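Numbering (the numbering used here), first residue to last: 1 to 81.
Note that CB positions come from ideal geometry on N, CA and C, so glycine has one too.
On a predicted model such as this, the values are computed, not experimentally measured, just so you know.
Please read the structure below before turning to the comments.
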Amino acid sequence: MASNSLYSPAQWDWIAERYKDGYTMKKLGDFLEVQTNTVGVQLAKRGIKCGDRAKRFVGAPLIARKDEFNALWNKESLYES
């Protein structure tokens, strides 16, 4: 079954970890250029509830981690069933 996501499962897992680190869904959505609710749906698929993140976060902007995120992209994983 083909996925209709622009991002691989590994990339969404990476986003889930960043949410747990304290990045907001808004910041993650802006980084991915998707709506905040899209991020919320993907987090929910991974068992993460709104509020399951660190309350305070001081760290690098997501754009500084773009290469790390892009390295997780795997075209084949988008089409796995």
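What do you reckon, are the CB atoms on methionine 25 and glycine 40 nearer than 8 Å?
yes
What separation, rounded to the nearest whole angstrom, lies between the Cα atoms of isoleucine 63 and leucine 6?
18 Å
Give the range of the alpha helix (DSSP H) segment to which proline 61 is assigned.
Per DSSP, proline 61 belongs to no alpha helix (DSSP H) and is neither H nor E.
Find the nearest neighbour of tyrosine 23 within the set Pro9, Cys50, Ala10 and Asp67, judged by alpha-carbon distance.
Cys50
Give the straight-line distance between the Cα atoms of lysine 27 and alanine 71, rounded to the nearest whole angstrom.
20 Å
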